[in-house]
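Numbered per my numbering, the sequence shown finishes at 98, counting up by one with no gaps. Think of the CB as a built atom: it goes at the ideal place given N, C-alpha and C, for glycine as much as any other residue. The structure under discussion appears below in the form of structure tokens.
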Amino acid sequence: MSGPAGEGARSDLVHNRVAMLRAERRVTRRELAEAIGVHYQTVGYLERGEFNPSLHLALRIARFFEVPVEFVFSLEEFPRIAPDGMPRG
């Protein structure tokens, strides 16, 4: 039997900063996709939270941006960044 509607519906959500990193580095979806070996639409699905990457893909994305994987992906929502660049929490 299933629980109430919507219960646990987003428990598998992986938050990410892919769109932020792309914008900051002026990389198009197509450029990122080609660099990491996926279709450019996959990058869009990933940015919108419609697709969770495999560990291998997550590591390739982190390597592309030269940051730790934990900087790009999280199980918890990332704190908002204020205009002055400081995290808000």
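(Q) Ile45 and Arg26 - do their beta-carbons sit closer together than 8 Å? (A) No, they are not a contact pair.
Q: Can you check DSSP and say which residues form a bridge with Phe87?
A: BP columns for Phe87 are empty, so no partner.
**Q.** Closest residue to Ala71 among Asp21, Arg31, Leu22 (Cα-Cα distance)
**A.** Nearest of Asp21, Arg31, Leu22 to Ala71, Cα basis: Arg31.
Q.
Check this for me: beta carbons of Arg35 and Gly53, under 8 Å apart or not?
A. Cβ atoms of Arg35 and Gly53: not closer than 8 Å.
Q: Determine the direct distance from the alpha carbon of Arg89 to that of Pro62, and round the result to whole angstroms.
A: Roughly 22 Å separates the two Cα atoms.
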